[in-house]
Structure formats: structure tokens, C-alpha cells
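The next block holds one structure in the form of C-alpha cells; read it before the comments.
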Amino acid sequence: MDQSRQRQPGFLGRTGEIKPLHISRKAEPLELKEFAWDAEKPDREPVFLATDLARLSAQKVLEFYVLRWRIETFYRDVKQLLGFADYQVLKAKAQKRHWHLVLTTYTLLRLQQ
């Protein structure tokens, strides 16, 4: 199998192929690299990722995306489930205390999973 089509196991619970699609616009000097992730299961939609880091391989883009996805889901969870976005304090000490409580709660919940 050539480098442009790599079989990848276990990406967000999917298996499939990464197919780099190179996009370049004449109006802008920016070169984008788009990756289509085709799931082997026909009922799943493909995942599309785009990056302006044209020098990265498809595998490296996926690795960065998986790391970034964990950060995104963390912030979503602490805002929506633990009320991080709803609590407003003015003093730095109270902000730090609230952040520690949210992180501790999140950690304990993750350990219980």
C-alpha cells in the first residue's frame, strides 16, 4: 500500500483509510491539506480534517487531531457538565480554588469510568 493511502486502526472508534487531498487556491498563497477518513462501516460518515501544515504526514495530522480532540472534550465536559462556564468570581484566589475543584471533580469522574 502506498504512503498516500494508509490503513489506520482505532481512530475515534473507527478503522479506515486516510486519503490526503491537496487543495491550493490561486487567490491565496495558503496551501491546505485535507484528509478524508473513510470508515469501513457503510453506515458511518467519513471524517474530514484540514490543516495548513502541508509538511506533516497524514499520520502526524491524525496524531495531533486525537490529542486536540481530548482537550476539546475536556473543556466541553467541564463547561457543560461541571458548570465551569457558569461560575463567575472576581478574586484570583477564588478563581484558582474553583479551577482546582473542577479539575479534581473531573479527574475523579474519569477514574470512575
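Letter by letter, the sequence shown follows residues 510 to 622 of this note's numbering.
Heads up, the beta-carbon is just placed ideally off N, CA and C, and yes, glycines get one too.
Remark: C-beta atoms of V587 and Y615 approach each other more closely than 8 Å. Under the 10 Å beta carbon count, V570 is surrounded by 16 or more other beta carbons and is classified as buried. In this structure, Q604 lies away from V611, with their beta-carbon atoms at least 8 Å apart. The three-state reading of DSSP puts A563 in coil, since its state is none of H, G, I, E or B.
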